[in-house]
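Engineer: My questions will all concern the structure given below.
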Amino acid sequence: MRGASGSREARVRERSDPVRGVMTRHGSDSEGNIPHHPSHPETSSSNLRESGEKPTGINLFLDNLDLGDCTIRGNLEAFSCKHTGNDRRLSISLEHEILDCLSKSSDSDHSSPVEHLSCRSSRKTLIYLVLTLSHMYPDYDFSAVRAHLFFKEEEWESFKEMTDTYLSEASKQWAATNEGTSLLDSMTNVIDEVIKIGESDIYSYNPDQDGDPFLEKGVIWSINFFFYNRKLKRVVSFRCSCISKISGDDFLTSAPSDGEEEDALIDMDI
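Heads up: the sequence shown is residues 1 to 270, going by UniProt numbering.
This is how it looks when you write it as structure tokens:
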């Protein structure tokens, strides 16, 4: 989580997972279902729907949610990994960057954030997450700000606690318009259906001011979580920000253009 004061929360346990490939975002229909594309060479099939939720969906609810002095803007998005030639150049660049960090870190500095990256499989996981960020925000150069240093592995309880804390007011509005159901429970159902939470690793992205694409846009706080299932080769991202009405700007990326689809990116809104 990034707040106005620049503070972060990070309860960390690093694990390593071998990762290869690039991100593929799948398009959704009006009810939140993911179409099946068996003939598309760069699109893996998945079926995402909100269990028992209204067709309006969580993303629509969190899109410009009015809370008086501020606005909540959140988004759940799913990606699948397909091993293609796209992004290979960036992957190599990130690998070299991480190795450079390792060579400069002190052997005696056990608190170094790059210590765990001595494991190649762990480096691949972090590279994969940075590639995900790059697809989410194509106009922002995360490799230039060493974004891999700001990913922390989290427990599910950390995600629940942070969501309950920062979306408490949003949860009240959700319950009022959804027959008293819990926003967190609804999000959990959606995420679990796509990613199988019990089989996934959870990461937060807690950047400094150079690695935060929201910093200059009136953001009071922002949270970014990634749920990664290596067996399914799939990631679900949750990004949410609280924007001051005085200086807020739109932060969610617009729908990809036809040219961007050539990079195997197709939007899949939950």
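The beta-carbon is built from N, C-alpha and C at its ideal position, and this holds for glycine as well.
(1) Please confirm whether threonine 132 and phenylalanine 226 have their CB atoms less than 9 Å apart.
(2) What's the call for lysine 124, buried or exposed, on a 16-neighbour Cβ count within 10 Å?
(3) What are the residues that DSSP puts in a beta bridge with serine 204?
(4) When you compare only the Cα positions, how much space is there between methionine 136 and glycine 180?
(5) Among the candidates Val130, Ser134, Met187 and Tyr128, whose CA atom is the shortest distance from the CA of tryptophan 156?
(6) Which two residues bound the contiguous beta strand (DSSP E) that contains serine 241?
(7) Mind checking glycine 198: buried by the 16 CB within 10 Å criterion, or exposed?
(8) When the Cα atoms are used, what is the spatial distance from arginine 230 to serine 200?
(9) Could you tell me the distance, in whole angstroms, from the CA atom of serine 80 to the CA atom of valine 235?
(10) If you draw a straight line from the alpha carbon of lysine 245 to that of cysteine 70, how long is it in whole angstroms?
(11) On the premise that tyrosine 203 lies in contact with phenylalanine 151, defined as a C-beta separation below 8 Å, what is that separation, rounded to the nearest angstrom?
(12) Tell me threonine 71's beta-bridge partners as DSSP assigns them.
(13) Going by DSSP, what residues sit across from valine 219 in a beta bridge?
(14) Less than 9 Å between the beta carbons of glycine 76 and valine 219, yes or no?
(15) Mind checking which residues open and close the alpha helix (DSSP H) that includes glutamate 193?
(16) Within 10 Å of its beta-carbon, does histidine 26 have 16 or more other beta-carbons around it, so buried, or fewer, so exposed?
(17) One question on the structure: do residue 273 and serine 241 come within less than 9 Å of each other, judged by their Cβ atoms?
(18) Which value, in whole angstroms, describes the spacing of the CA atoms of leucine 65 and asparagine 59?
(19) What is the rounded straight-line gap between the Cα of glycine 68 and the Cα of isoleucine 243?
(20) With distances taken Cα to Cα, identify the nearest neighbour of phenylalanine 61 among Trp174, Pro207 and Ser222.
(21) If you reduce the DSSP assignment to three classes, tell me which class leucine 126 lands in.
(22) DSSP three-state call for glutamate 179: helix, strand or coil?
Structural biologist: On the basis of the data shown:
(1) yes
(2) buried
(3) Lys152 and Phe225
(4) 32 Å
(5) Met187
(6) 234 to 244
(7) exposed
(8) 7 Å
(9) 6 Å
(10) 5 Å
(11) 5 Å
(12) Asp66 and Ile243
(13) Ile243
(14) Sequence inspection shows leucine at residue 76; the glycine mentioned does not correspond to that position. No, the Cβ-Cβ distance between leucine 76 and valine 219 is not below 9 Å.
(15) 183 to 195
(16) Note that histidine 26 scores 45 on pLDDT, short of 50, meaning its location in the model is unreliable; the coordinates nonetheless yield the value given after this. Answer is buried; the Cβ neighbour count reaches 16.
(17) One cannot answer for residue 273 here, as it falls past the ends of the chain, which runs 1 to 270.
(18) 10 Å
(19) 11 Å
(20) Trp174
(21) helix
(22) coil
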